[in-house]
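Q:
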């Protein structure tokens, strides 16, 4: 019987007897049994609901935990991705800087290459010219030249040549000047001076100078310079195969170019 519920068995005619009372007790008992079953069903239902709620809460907690872990993993992935992007940006900046440096180096090398190509062309042209001069001098029998082996003054260098049946060289043509310039790798005496009369240049055969191949601003007769040298230094300002003469003190010691 449900709590708070009372069951009353009455006889319609207000009469009672043993059978009636017995039947009334049976009905009351049956009614109590039905109430007990309802209570059990309700209890079982409530238990199932609690279990379902517990399962739902557990599943919800698992879902929340999984989502939290997923969000944390996503944040870590994003942070790692950002670090990777920053690293790539730094690397890209370094590569751009290196590219610019390489480009500058390439431009510099290209300019140097152009300069070298120009020098090669000039040297090739000079070589061809010297070859032509040599061939011309060879035909004229004017290549019988040799250099002294000792450093001497202009006079002693001339004597060195004369002791060997020669004299300091006389240069009176462009082709001969080019040819001799190609032979020397140091400053050397040639057979020209104004020792006898200042300002009047003469060759060792007493012939006057007709064509000179002077360096810029030479001769200048600084410190009583009366003898002429051929300057090989290609770095000298204004130097060229046709501009290499310089007046110098006759006492200076250097080798000489002899000619038979």
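In full-length UniProt numbering, the protein residues as written are 1 to 260.
Don't be surprised by glycine CBs; every beta carbon is placed ideally from N, CA and C.
Please read these numbers as outputs of a predicted model, since none were measured by experiment.
(1) So what does DSSP say about residue 247, is it helix, strand or coil?
(2) Can you give the beta carbon distance from residue 189 to residue 209, rounded, assuming they're within the 8 Å contact cut?
(3) So, under 8 Å CB-CB, residue 206 and residue 247 are touching, yes? Tell me the CB distance rounded to an integer number of Å.
(4) Can you list the beta strand (DSSP E) stretches of 3 or more residues lying completely in the region 70 to 156, in chain order?
(5) So is residue 161 buried or exposed if we call it buried at 16+ other beta carbons inside 10 Å?
(6) Taking the CB atoms as reference points, tell me whether residue 255 and residue 144 lie closer together than 7 Å.
(7) So residue 174 is in the alpha helix (DSSP H); what residue range does that whole segment cover?
(8) Under the rule that 16 or more other beta-carbon atoms within 10 Å means buried, what is residue 211, buried or exposed?
(9) With contact counted as at least three CB pairs below 8 Å, one residue from each stretch, are the region 183 to 197 and the region 221 to 229 in contact?
(10) Please check the pair residue 126 and residue 187, which I expect to be a contact at CB under 8 Å, by giving their CB distance rounded to whole angstroms.
(11) Please state the DSSP three-state secondary structure of residue 57.
(12) In chain order, what residues of the same chain have a beta carbon less than 7 Å from the beta carbon of residue 253, not counting five sequence neighbours either side?
(13) Where does the unbroken beta strand (DSSP E) through residue 214 begin, and where does it stop?
(14) What is the rounded straight-line gap between the Cα of residue 77 and the Cα of residue 88?
(15) Distance, Cα to Cα, residue 155 vs residue 174?
(16) Could you check whether residue 216 and residue 266 sit closer than 7 Å to each other, using their CB atoms as the reference points?
(17) Taking 6 Å as the line, does the beta carbon of residue 179 fall inside it for any heavy atom of the ligand MG?
(18) Can you give me the C-alpha to C-alpha distance between residue 33 and residue 41, rounded to a whole angstrom?
(19) Report yes if the C-beta distance between residue 257 and residue 203 is below 7 Å; otherwise report no.
A: If we stick to the structure as given:
(1) Three-state DSSP puts residue 247 in a strand.
(2) A Cβ-Cβ distance of about 15 Å is found for the pair residue 189 and residue 209, leaving them out of contact under the 8 Å criterion.
(3) Going by Cβ atoms, the distance from residue 206 to residue 247 rounds to 19 Å, so no, they are not a contact pair.
(4) Within the region 70 to 156, complete beta strand (DSSP E) segments of at least 3 residues are found at 145 to 147, given in chain order.
(5) Counting the other Cβ atoms within 10 Å of the Cβ of residue 161 gives 16 or more, which makes it buried.
(6) For residue 255 and residue 144, no; Cβs fall outside 7 Å.
(7) The continuous alpha helix (DSSP H) containing residue 174 extends over residues 174 to 183.
(8) Residue 211 is exposed by the Cβ-count criterion.
(9) Pairwise C-beta distances place the region 183 to 197 in contact with the region 221 to 229, as three or more of them are shorter than 8 Å.
(10) 20 Å between Cβ atoms; not a contact.
(11) Residue state, collapsed to three classes: helix.
(12) Correct list, in chain order: 151, 152, 153.
(13) Taken as a continuous stretch (DSSP letters only), residue 214 belongs to no beta strand (DSSP E), as it is neither H nor E.
(14) Distance between the alpha carbons of residue 77 and residue 88: 16 Å.
(15) Between the C-alpha atoms of residue 155 and residue 174 there is a straight-line separation of about 25 Å.
(16) The chain is shown only over 1 to 260; residue 266 falls outside these bounds and no answer can be derived.
(17) For the ligand MG, the structure offers nothing, since it holds no ligand at all.
(18) Computed Cα separation, rounded: 12 Å.
(19) Not a contact, by the Cβ cut-off of 7 Å.
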